[in-house]
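Just below is one structure, and these are the notes that go with it.
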Amino acid sequence: MSHTDTVGRNGYLLYCTQVQTLYLLFPDGQEVPQKDLELEETPMELGGEQGRWEEERLKTASLSFGAKKEREQGMKQEQEKYQLILEEDEMIDFVSSAITMKGTLSEKVGSTGFFLFVSCFSFCFPTLSQAELKKQSMQEVRRSLPIFPYREDLLAAIHEHQILVIEGETGSGKTTQIPQYLLEDVGYSIRFEDCTSERTVLKYMTDGMLLREFLTEPDLASYSVVIIDEAHERTLHTDILFGLIKDIARFRPDLKVLVASATLDTERFSCFFDEAPVFRIPGRRFPVDIYYTKAPEADYLEACVVSVLQIHITQSPGDILVFLTGQEEIEACCEMLQERCRRLGSKIAELVVLPIYANLPSDMQAKIFSPTPPGARKVVVATNIAETSLTIDGIIYVIDPGFCKQKSYNARTGMESLIVTPCSRASANQRAGRAGRVAAGKCFRLYTAWAFKHEMEETTVPEIQRTNLGNVVLLLKSLGINDLIHFDFMDPPPHETLVLALEQLYALGALNHLGELTKLGRRMAELPVDPMLSKMILASEQYKCSEEVLTIAAMLSVNNSIFYRPKDKVVHADNARMNFVVPGGDHLVLLNVYTQSGYSTQWCYENFIQFRSMRRARDVRDQLEGLMDRIEVEVVSSQGDSVPIRKAVTAGYFYHTARLSKGGYKTVKHQQTVYIHPNSSLFEEQPRWLIYHELVFTTKEFMRQVIEIESGWLLEVAPHYYKSKELEDSSNKKMPRKQGKTKEELG
């Protein structure tokens, strides 16, 4: 058993054991300490009756896979011979890692200081059925959470320390209970001063919204406690908040800061916040056996499908969670599973296959939380949102291919890409932990133990080190932070990314030659959107089309989740999309969709439009329109004329210009070869000049959301950036006459 000690500023000791202590269970039940273990591959031997039974079943695969035992009034004396469902060479050969992710039990020790002790043996927390949960009162449910025994100690720690890092596993109750504990505690302490609890306000917001509040209140004087939840995700906005709040806390001793995280990087958070103490809360955790493949899998999608069926026909009851990288993979996996199940029919028990990803309609997302039908097994195919952000009851088995989709940024080309990349070891352990929430579980990793140990990074690279920083730089400049190089970043961004952001803001007119914020830059900073988008909105005032541009900006803010394209209705969805096409480009198509929608759920369903995305676009538009008075922009319409709209888009996105040449499209400044995305309304038209909203790399460098422009507009909106010579149209010019002697003259 290994221990970690964290000492706070006032000498209080938080004493606890590592939550995820690893152990090896030999057949005789003896445990080997973690320090004596080496990660190695051993035959699939669990050291118990269950393991021997599984091994025996594998040996007789031709007789037992897909068995569906007949149930009659009495037990049959003679078993049937069952049909082979998976060929032997199709099955995936897993090996045990010789290491098990151990269960946890919490126990409070001592009465002086704050002591947390997490035992390293399995403890069975009571699991509640849906019916039982409904019968219980809300207070009983709250008392059943793992955080409840630590309520008083936690509140005492918060009172004692200005900054506290709270480590809590998913399901411990930290997100829902800590704000309530604080609210109840404050309400009680002021009751005898004849103050009502109405004076205490609990406000939930995103990290991005809190950053915006710094513009109007740089010291956050309205708040006495700030809780940063899901800190382990290390989003761009969260990392900026860390630096700003750390600075505020130094001159505001009354401000309490709570940094809540899953069991990742808590020691780093403590170190960053001047050795702040760490308060650890266990979650519900049962032992998880981890298995690796003997050799790398060439096609992890196919391997996922085979693994699901392999578990379904060989393992005891329990739902399965499969991690994939995005919508396309998830839909493909679900389709393959459903097809295999259709072919097998009644040879196997029912398999309920459910996807979960961001663009999925809300009603379909909610299905993953429904109870599994009796006699069936549920398979949830999810993105890494299921690692820490949501909890699905009933999961016993996890299949982890070891990949995720991450944003990447190339400072040289200015291209942001979503790239499929190996996940980190920390993420892999979080995924495995999903299998141990309600009972002892198993995690099947579709990669080797060697790859886990040597090829995967320890933790995920923070977003601030792999994204465009234009918005962040503009915000920090508007807060008066000019020395960005020495800003207190937890992980500093690459120098070249910072420089490129400054150059782009200068080109947009947000910064002067000294790097100081201009009047235009201050107005741009008031809008909670990307700098190019805010410049487009401000330019719409000049071109008398702010009504339409606000709508386009709102629709672009929703990313690419407007159109819904279900696999079984691809033709209908594509035809519906074509009905919205208008001349000029994708921005005008989005405007057309918003104008026709009328906020109707039924209309969205009939036209394969995501209603949730449209609702979000309406909210963003309302917010932006509410800010028009502050930035002194009058909301007027272009009355159907698309030219002013396209000029306003050009004013904001002149940086993103591409020209058609003999070899295809090339960006004007960097001469990078790019392609119109197949989903674009201009895919077949191929206009000479166009502006793109973003570049994404999948199989090629694709331009998304493109709009047709005229080259002369670039000189009109950005004469400081483009010169007439580089915009000359050479397509109609003849090749220059060769200088020198001809072949005949040379003899």
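When we follow full-length UniProt numbering, the leftmost residue of the sequence shown carries the number 1, and every step to the right adds one. Just so you know, even glycine gets a beta-carbon here, dropped at the ideal spot from N, CA and C.
If I'm right that Thr650 touches Ile709 with Cβ under 8 Å, what's the distance once you round it to whole angstroms? 5 Å
The stretch 532 to 549 contacting the stretch 446 to 462, beta-carbon criterion three pairs below 8 Å: no
Indicate the three-state DSSP secondary structure (helix, strand or coil) for Gln639 in the structure shown. coil
With distances taken Cα to Cα, identify the nearest neighbour of His587 among Asp622, Thr551 and Gly598. Of the candidates Asp622, Thr551 and Gly598, the residue whose Cα lies closest to the Cα of His587 is Thr551.
Applying the criterion that 16 or more other CB atoms from any shown protein chain within 10 Å of the CB defines a buried residue, is Arg431 buried or exposed? buried
Leaving out five residues on either side along the sequence, give the residues of the same chain with a beta carbon under 8 Å from the beta carbon of His513. Tyr506
Grouping DSSP H, G and I as helix and E and B as strand, with all else coil, what is Lys256? strand
Who are the near neighbours of Lys569 in its chain, counting only those whose CB is closer than 8 Å to its CB and skipping five residues on each side? Phe608
Run the CB neighbour count on Ile313, radius 10 Å, all protein chains shown included, and call it buried at 16 or more, exposed below. buried
Leaving out five residues on either side along the sequence, give the residues of the same chain with a beta carbon under 6 Å from the beta carbon of Tyr564. Phe608 and Gln610
Distance, Cα to Cα, Leu182 vs Thr601? 39 Å
Spatial neighbours of Glu728 within its chain, please: C-beta separation below 7 Å, excluding the five flanking residues on both sides. none
Would DSSP call Glu634 helix, strand or coil? Three-state DSSP puts Glu634 in coil, outside helix and strand.
Ordered list of alpha helix (DSSP H) runs contained in the stretch 357 to 398, each at least 4 residues: Correct list: 362 to 365 and 385 to 388.
Please classify Asn410: does DSSP put it in a helix, a strand, or coil? strand
Whether Ile562 touches Arg646 by CB criterion (7 Å): no
Going by DSSP, what residue range makes up the beta strand (DSSP E) through Asp289? Val288 to Thr293
Start-to-end residues for the alpha helix (DSSP H) that takes in Val620: Phe611 to Gly626
Whose C-alpha, out of Leu236, Val225 and His656, is nearest the C-alpha of Ala249? Val225
So, are the CB atoms of Met490 and Asp239 less than 7 Å apart? yes
Thinking C-beta only, is Thr497 closer than 7 Å to Leu469? A contact, by the Cβ cut-off of 7 Å.
Helix, strand or coil for Glu107? Go by DSSP, reduced to three states. Here Glu107 scores only 39 on pLDDT, less than 50, and its place in the model should not be relied on; the value that follows carries that caveat. Residue state, collapsed to three classes: strand.
Close beta carbons around Ser424, own chain, < 7 Å, minus the five adjacent residues each side: Met456, Glu457, Glu458, Thr459 and Thr460
CA-CA distance, Asp400 and Glu331? For the pair Asp400 and Glu331, the Cα-to-Cα distance works out to about 17 Å.
Gln83 versus Thr266 - alpha carbon distance: Caution is warranted here: a pLDDT of 40 is assigned to Gln83, below 50, making its placement in the model unreliable, and the coordinate value is therefore given only provisionally. Between Gln83 and Thr266, the C-alpha separation is close to 52 Å.
Which of helix, strand or coil DSSP assigns to residue 748: The displayed coordinates of the chain run from 1 to 747. Any statement about residue 748 would go beyond what the structure contains.
Nearest by alpha-carbon distance to Ser638: which of Leu211, Phe580 and Val549 is it? Val549
The stretch 342 to 352 in contact with the stretch 363 to 375 per 3-pair CB rule at 8 Å: yes
For the candidate residues Ala718, Tyr594 and Asp93, whose alpha-carbon lies nearest to that of Ala295? Asp93
Hey, Tyr357 and Thr383: beta-carbon distance below 7 Å or not? Against a cut-off of 7 Å, the Cβ pair of Thr383 and Tyr357 comes out as a contact.
Nearest-angstrom Cβ-Cβ length linking Leu241 and Asp207, presumed shorter than 8 Å: 6 Å
For Ala573 and Leu508, the rounded distance between their alpha carbons: 38 Å
Hey, could you find the ends of the beta strand (DSSP E) Tyr692 is sitting in? Trp689 to Phe697
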